[in-house]
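Residue numbers (our numbering): 43 to 293. Glycine included, C-beta positions come from ideal geometry on N, C-alpha and C. This report concerns only the one structure given below.
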Amino acid sequence: MHPDKIRAVLEGVRDGQSSVEQALASLRTLPFEDLGFARVDHHRALRQGHAEVILGQWKTVEHIVSIVRSIADRGQNVLVTRVDPEKAQAVRKEMDALHYDPSARTLVLEQHPIQFRSRKPVAIVTAGTADLPVADEAAVTARMLGTEVIRVTDVGVAGIHRVFEARATFEKAGAIIVVAGMEGALPSVIGGLVALPVIAVPTSVGYGAQFQGLAALLTMLNSCASGVMVMNIDNGFGAAFAATQILRRDE
Numbered sequence: 043m044h045p046d047k048i049r050a051v052l053e054g055v056r057d058g059q060s061s062v063e064q065a066l067a068s069l070r071t072l073p074f075e076d077l078g079f080a081r082v083d084h085h086r087a088l089r090q091g092h093a094e095v096i097l098g099q100w101k102t103v104e105h106i107v108s109i110v111r112s113i114a115d116r117g118q119n120v121l122v123t124r125v126d127p128e129k130a131q132a133v134r135k136e137m138d139a140l141h142y143d144p145s146a147r148t149l150v151l152e153q154h155p156i157q158f159r160s161r162k163p164v165a166i167v168t169a170g171t172a173d174l175p176v177a178d179e180a181a182v183t184a185r186m187l188g189t190e191v192i193r194v195t196d197v198g199v200a201g202i203h204r205v206f207e208a209r210a211t212f213e214k215a216g217a218i219i220v221v222a223g224m225e226g227a228l229p230s231v232i233g234g235l236v237a238l239p240v241i242a243v244p245t246s247v248g249y250g251a252q253f254q255g256l257a258a259l260l261t262m263l264n265s266c267a268s269g270v271m272v273m274n275i276d277n278g279f280g281a282a283f284a285a286t287q288i289l290r291r292d293e
């Protein structure tokens, strides 16, 4: 439940527009709702400022639909991550108001306007075009969490001169998410150019000894550039959440 909704409930009791019993009925599913197979955390928006995000991978269509409805019924916007096209199609048959992004693999329900609360936007940078799905997941997530996004794509170290052209864009941002596969060197390069938090995301893009992202992960963990933080392989969602926490306006 969003803090604004709880405030409205409490103000309604104070102003005599609703009874204590009506207020209790509105709050009865706090802090969570037991669906039998899942306990949906309706208290998360109060604790962290964002409703619970649903990881769609490994969940059944029925489970996704039930959890989405539980969150949506409380007036929250809804984000589901890691949903393949076939599963997304099945979910949308039950809830056609959901928007699917096939690159980001996200399902989104916007029931009310997103409140952008970040002091500055986050810049999401990709080394190559093959890294775009992870960057797209980060971009959708950041927007849903109330962080504005600016994008810089295909500026990997194979053509390092492309990075320098983007420096003016970096200066507009409050943090930078750098998404890279192969050897994963781009976060170190950018980390040495800016006075900003750099969140590195290794991707499972590459050949042979790249080991599905492990080579890029180790490169990023061993970065000699100060201030580089490293997420797990392909974790665009985690990077966006971290950037949002960094950039959130004081409340």
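query: V107 vs V133 beta-carbon contact at 8 Å; result: yes
query: V220 beta carbon less than 8 Å from that of V167; result: yes
query: Check: A50 C-beta below 7 Å from any heavy atom of the ligand PLP; result: Absent from the structure shown: the ligand PLP. Ligands present: none.
query: Per-residue DSSP class, three states only, for I109; result: helix
query: Nonlocal neighbours in the same chain, by C-beta distance under 6 Å from G280, ignoring five residues either side; result: M273
query: Extent of the continuous beta strand (DSSP E) run through M271; result: 270-272
query: Inter-stretch contact at 8 Å, needing at least 3 Cβ pairs: the region 168-188 / the region 231-238; result: no
query: Beta-carbon gap between L259 and P244 smaller than 8 Å; result: yes
query: Close beta carbons around E293, own chain, < 6 Å, minus the five adjacent residues each side; result: Low confidence applies to E293: its pLDDT is 45, below 50, so where it sits in the model is not reliable, and the reading given next is rough at best. Cβ neighbours of E293 beyond the five flanking positions: none.
query: Strand pairing of E75, partner residues [DSSP]; result: V82
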